[in-house]
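Note sheet for the following structure.
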Amino acid sequence: MAHSGRRIFISAIAALLAIPASAAEIQHQTVYRVTLAGLPIARAAFLTQIEDDHSYKIAGDINSAGLADLVKTIRAKTSVTGVVRNDRLQAVKYSLYYKSGKKARVYEVSYRNGNIISATTTPPPKRPKNWIDVTPRDMRSVLDPISGLIFTGDTKVCSQTLPIFDGETRMDLVLSPKGDEDFSTDGFKGKALVCGVRFIPRSGYKKGRKDIDYLSRSDRMEIWFAKSDAANVYAPVYVRIPTEYGMVTITAVKYGSVS
């Protein structure tokens, strides 16, 4: 995949892997295994803290592994800070540091009341002529790609459209209900809600890109959400992302509080 394609993939992993702490000043850790066509390609770990003043911070590390690491080392560090308001996690600042081989880039986004007030990329990328620019309208009423997929326990999780901006690309994730499945891992055992996902690119990408066109045409993407009873929230524990190279799966191998 091209640098931009890998960056979107890493951002998608970040968007699908965070989970909040179960109470004030309690840390919650999630660890994930990422595979492509059954072969390990990455590992990810997230640590979340929610404080007494309803502020929160989620920090994550994503590293290539297995065969992918032999081809090119990929590393990403991501974080989001914000406040819990009206039963939603509302971001204030989001950042993503992404390094592929020797090339590195930093994406930083600031929010106010759900609207983006600034978005910077360092170093600034060169845009091709067929680049679809992000418009001011695209910057209103959007979610960050980490806490944007965490829902309170009374939310109809699989019946909504999520407007996501990852620092470069503006996309919609349209969720639809597909029933439930048994799921168990270190720290959790029970039912998970299964949501079908349609990926709709809006702006911030090169028109005609094969990986984006492929994903937008697919109807095989899924996200499974498990409920943390202590926190009364749903968060992803299993994800399927179809690619031209095979199915990418992201599976929680740990889902629990840090003592």
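Just so you know, the sequence shown maps onto residues -23 to -1, 1 to 236 in mature numbering (1 follows the signal peptide of the UniProt record, and there is no 0). Every residue gets a Cβ at the ideal spot worked out from N, C-alpha and C, and that includes glycine.
Exposure of residue i, with buried meaning 16 or more beta-carbon neighbours within 10 Å
{"i": "Thr122", "result": "A small fix is needed here, since residue 122 is Pro in this sequence, not Thr. Pro122 comes out buried."}
{"i": "Gly185", "result": "exposed"}
{"i": "Gly144", "result": "buried"}
{"i": "Ala1", "result": "With a pLDDT of 46 at Ala1, under the threshold of 50, the predicted position of this residue should be treated as unreliable, and no value is reported."}
{"i": "Asp131", "result": "exposed"}
{"i": "Ile(-5)", "result": "Residue placement at Ile(-5) cannot be trusted, given a pLDDT of 47 that sits under 50; what the coordinates show is reported in the next sentence. With 16 or more Cβ atoms within 10 Å of its Cβ, Ile(-5) is classed as buried."}
N-terminal and C-terminal residue of the alpha helix (DSSP H) that residue i is part of
{"i": "Asp149", "result": "Note, Asp149: premise wrong, no alpha helix (DSSP H); beta strand (DSSP E) at 147 to 162."}
{"i": "Lys187", "result": "187 to 194"}
Residue interval of the beta strand (DSSP E) (run including residue i)
{"i": "Gln26", "result": "16 to 27"}
{"i": "Val83", "result": "80 to 89"}
{"i": "Lys168", "result": "165 to 180"}
{"i": "Asn92", "result": "92 to 99"}
{"i": "Lys54", "result": "51 to 62"}
{"i": "residue 243", "result": "A query on residue 243 cannot be resolved here, the shown segment of the chain reaching from -23 to 236 and no further."}
Distance between beta carbons of residue j and residue i, contact taken as under 8 Å
{"i": "Arg147", "j": "Val174", "result": "So it is not a contact: roughly 16 Å between Cβ atoms."}
{"i": "Thr162", "j": "Ala229", "result": "5 Å"}
{"i": "Ala169", "j": "Tyr215", "result": "7 Å"}
{"i": "Leu73", "j": "Val225", "result": "In fact, because the Cβ distance is near 18 Å, the residues do not count as touching under 8 Å."}
{"i": "Val11", "j": "Ile177", "result": "Going by Cβ atoms, the distance from Val11 to Ile177 rounds to 23 Å, so no, they are not a contact pair."}
For residue i, the residue or residues it bridges with in DSSP
{"i": "Ala42", "result": "In DSSP, Ala42 forms no bridge with anything."}
{"i": "Met224", "result": "Pro219"}
{"i": "Leu73", "result": "Thr55, Tyr84"}
{"i": "Arg65", "result": "Arg62"}
{"i": "Leu13", "result": "Leu16, Val225"}
{"i": "Leu139", "result": "Leu150"}
Cut-off 6 Å between Cβ atoms - residues of its own chain near residue i, not counting five sequence neighbours on either side
{"i": "Thr99", "result": "Val83"}
{"i": "Ser32", "result": "Val60"}
{"i": "Lys106", "result": "none"}
Beta-carbon proximity list for residue i, same chain, < 7 Å, skipping 5 on both sides
{"i": "Thr50", "result": "Ser41, Gly78"}
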